[in-house]
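Notes to accompany the following structure.
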Amino acid sequence: MSWAIRCRDLRKTYAGKPPVEAVRGIDLEIAEGECFGVLGPNGAGKTTTIEMFEGLIEPTGGEIEVFGIRWRDDPQSIRRRIGISLQETKFSDKLTVLETVRLFRSFYPSGPTPEEAIARVGLEEKSRTWIKNLSGGQRQRLAVAVALVGEPQLLFLDEPTTGLDPHSRRQVWEVVASGKRQGRTTVLTTHYMEEAEQLCDRIALVDRGRVIALGTPPQLIAQLGGRHVVEFALNPAEAMDDPAEPWRHLPGVTTQRRERDAIHLTVAEPHVVLPLLLDELGRRGWTLARLVTRPAKLDDVFVALTGRTLAEGGAVNGPNGGAENG
Amino acid sequence: MMAARRLFPLVELTLARCREFLREPDAIFWVYVFPLFLVLALGIAFRESPVERFRAAVLNDPSAEATLAVLRADSRFAAEALDEPAARSRLRLGRIDLMIASRPAERPTYIFLFNPTRAQSVLARDAADDLLQRAAGRRDAAERIDQTFDEPGGRYIDFLIPGLIGMGLMGGGMWGVGFASVDMRIRKLLKRYRATPMRRSDFLASLILSRLLFTLPEVSLLVLFSSWLFGVGCAGSYATLAALVVLGALQFAGLGLLVAMRAQTIETVMGLMNAVMMPMWIGSGIFFSIERFPEAVQPFLHALPLTPLLAALRQVMLEGAGWTAVAPQAALIVGWTIASFAVALRWFRWT
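Sequences listed follow chains C and B, in order. Per the working numbering, the first sequence starts with residue 11, numbered consecutively. Per the working numbering, the second sequence starts with residue 34, numbered consecutively.
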């Protein structure tokens, strides 16, 4: 197996009072040809991690090799083989899409023509439009086109679809998918779990500067012990607070978790558990206020591991909250 | 679809800078049009009027008529008869240069009231004295032949134009390069460039090249305009002048990069720019000769980057100096250029 990226005990601490430990010891091996997702809430250290991979941030500690080369040994040969899209880059307002892509194309020895790169993100009609007249989604697609101009073997996309319209999002996904067919390695960060599940071969769940789970999406979900979630609320509502957690002991239930206004059970086979659940309710004289069953998602994995959802994750981890902007 | 063709980073980076500049109408105005207005305004404000009119008041007394007649016979004088309070009030306000009272006596006596701190007032006194003495019968002991000097090169506007060229080179270089690099840093464009195999030298060379491309038309326009309007010429060779302009542009591109090398906000870079340029605006001799400053600060003024450039420009434009004469100044300029680029490159912040 040849590796696109290997890192060992990667650390980044930003000076300050108190110092912010944005990344606290990450070990990863990303294989060539793989689409690898870094998933975590805001402030988890995703951007800091991939900007260290990109050679833009100097790690405080640890080792990184990109295609077996360390950044300090031969940065130019790494730069020729990678393409990146930063979380935010403001290209020059008064240049056109084509002028911008051509400028970046000139930095690389080989790659698609500027026109081809623009076509890959579906911006042909905007070639001669000034960047200040593009929508947010079009600007983001331009950033991806610019990342592709060197025909990179390794593509970094930092939150490429955050806030995008559905059309732009599909375009970006198509770029990742077609890159994979050509054997390109892609590393992307996102806080959309559907995006990670759809696109990524493997995912690292990151929280507070550490990898808390690593694997393919099915493997991660399998960690829950069941691939489905049964979500229900009861009448009377006080019944949900029963400290005995009577549902956990039903055959086929692996975990029970109390959410705001419902109980979530992780189960292997909903059709086996549901009749048992209804029987138990009948015996106790409680009725259902609501009942939903759905496949388990990565969010459920994150909640099971941290007690927080991906969406709220950034809000509760005070000291690390701003780390990604550091 | 266009045929694939080789793209050169230096060309593309320079084209990008030029396009951005040319698509900014405000920038065009301030860089190219505003300096011409400045020349026009200053040229008119400091125009030397060939005939200085002295304004004199003669007090109403019996011999006033005779005195007025003598003064009015000379085209340099505008004279009128006034009461003493009115005349004093006008003298105090600077509306007249001189008040003359005459005292009837065996020997004619004139009393001149003038302001010794105003050159015009002193000159009026001397001129009036001369006229009245001759009218009273004085004979000159020696012959006097007047020749007036008004060759180009001796006027204030001739002194001013090289100053404005230097000022333009300083402002253009520092703002053009310094502001642009901080702006690219804020937009994370520098960071994005850093992640590509773009060579730093190409990036740097594009900043310099685009600076030169903007500067040459700017200076040419200024020189043509002042030549057409005020007859300001260049006594030395235009090639030497052009070479000095290029050196000056490089020097201030370097200083602009130096000032902007770490700044992360527009406010910071604006403050730094003003702090660096202010001493040169005042002390490098744009509007008046630095000889007017006290001896003690002269070494400091000569060390400012703009001072040798202005001195060399004036030597070439006003005195017709050649390369060898301005070599010491050129060496200083090159020194500043190399030093600022070296430091700026070493400590330049890309993110």
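Each residue gets a CB set at the ideal place from its N, CA and C atoms; glycine is no exception. These numbers come from a predicted model, not from an experiment.
Check, Outcome
"Could you name the residues of chain C that R56 (chain B) contacts, counting a contact when the two beta carbons are closer than 7 Å?", "K104"
"Can you find the residues in the same chain that come closer than 6 Å, C-beta to C-beta, to A296 (chain B), ignoring five residues on each side of it along the sequence?", "V215, V302"
"Any idea what DSSP makes of F381 (chain B), helix, strand or coil?", "coil"
"List the residues of chain B whose Cβ lies closer than 7 Å to the Cβ of L66 (chain C), in chain order.", "K224, R227, A228, T384"
"By how many angstroms is the C-alpha of P327 (chain B) removed from the C-alpha of L334 (chain B)?", "10 Å"
"Within 10 angstroms of its Cβ, does A32 (chain C) collect 16 or more other Cβ (buried), or is it exposed?", "buried"
"According to DSSP, which residues form a beta bridge with Q266 (chain C)?", "C:L275"
"Let's test the definition: count the other Cβ atoms within 10 Å of the Cβ of K27 (chain C) and tell me whether it reaches 16, buried, or not, exposed.", "exposed"
"Starting from the beta carbon of L244 (chain C), find every residue of chain B whose beta carbon is closer than 7 Å, and list them in chain order.", "Here the premise fails: no neighbours, minimum Cβ distance about 51 Å."
"Give the residues of chain B in contact with H114 (chain C), contact being defined as C-beta atoms less than 7 Å apart.", "According to the sequence as given, residue 114 (chain C) is Phe; it is not His. By Cβ distance, chain B contributes T229."
"Spell out whether any CB of chain B is found under 8 Å from the CB atom of K136 (chain C).", "no"
"At a CB-CB cut-off below 7 Å, which residues of chain B make contact with K22 (chain C)?", "Those do not exist, as K22 (chain C) stays about 13 Å from chain B at its closest Cβ, beyond 7 Å."
"Quick one: list the residues of chain C neighbouring G45 (chain B), beta-carbon separation under 7 Å, in chain order.", "The sequence given here places Glu at residue 45 (chain B); Gly does not occur at that position. Going along chain C in sequence order, the residues near E45 (chain B) (Cβ under 7 Å) are R112, L113, S116."
"So for P28 (chain C), helix, strand or coil by DSSP?", "coil"
"For F341 (chain C), which residues in chain B fall below 7 Å Cβ to Cβ?", "The question about residue 341 (chain C) has no answer, for chain C in this structure spans 11 to 336."
"For chain B, is any of its Cβ atoms less than 8 Å away from the one on A333 (chain C)?", "Because the pLDDT of A333 (chain C) is 38, which lies under 50, any placement of that residue in the model is unreliable, and the number read from its coordinates should be weighed accordingly. No, A333 (chain C) lies away from the interface with chain B (no Cβ there is under 8 Å from its Cβ)."
"Using beta carbons (cut-off 8 Å, strictly below), is F41 (chain B) in contact with chain C?", "yes"
"Assign V76 (chain C) to one of three DSSP states: helix, strand, or coil.", "strand"
"For F101 (chain C), which residues from the same chain have a beta carbon less than 6 Å from its beta carbon, with the 5 sequence-adjacent residues on both sides left out?", "T110, I141"
"What distance in whole Å lies between the Cβ atoms of L164 (chain B) and D107 (chain B), which are believed to be in contact at a cut-off of 8 Å?", "6 Å"
"Quick check: what's the CA-CA separation for L290 (chain B) versus I241 (chain B)?", "10 Å"
"Name the DSSP bridge partner or partners of T106 (chain C)?", "C:W140"
"Which runs of the alpha helix (DSSP H), 4 residues or longer, sit entirely within the region 350-375 of chain B?", "none"
"Quick check on I94 (chain C) - is its C-beta less than 8 Å from some C-beta in chain B?", "yes"
"Please classify K22 (chain C): is it buried, with 16 or more other beta-carbons within 10 angstroms of its beta-carbon, or exposed?", "buried"
"Report the CB separation of T276 (chain C) from G236 (chain C) in whole angstroms; it is logged as a contact under 8 Å.", "4 Å"
"Nearest to F46 (chain C) by alpha carbon, out of C:E205, C:G35, C:E161, C:V131?", "C:E205"
"Count the other C-beta atoms from every protein chain shown that fall within 10 angstroms of the C-beta of T229 (chain B), then say buried if there are 16 or more, exposed otherwise.", "buried"
"Taking a contact to mean a Cβ-Cβ separation below 8 Å, would you say L351 (chain B) touches A268 (chain B) in this structure?", "yes"
"Examine the Cβ distances between the region 249-267 of chain C and the region 50-68 of chain C and report whether three or more of them are shorter than 8 Å.", "no"
"Hey, could you find the ends of the beta strand (DSSP E) H238 (chain C) is sitting in?", "238-245"
"Tell me which residue opens and which closes the beta strand (DSSP E) that R88 (chain B) is part of.", "87-92"
"Residues in its own chain within less than 6 Å of G147 (chain C) by CB, not counting five upstream and five downstream?", "L174, D175, S178"
"Give a yes or no on whether 8 Å exceeds the smallest Cβ distance from R52 (chain B) to chain C.", "yes"
"Are three or more beta carbon pairs between the region 86-93 of chain B and the region 127-140 of chain B nearer than 8 Å?", "yes"
"Run through chain B and tell me which residues come within less than 7 Å of E44 (chain C), C-beta to C-beta.", "Within 7 Å Cβ-Cβ: nothing; E44 (chain C) doesn't reach chain B, min ~21 Å."
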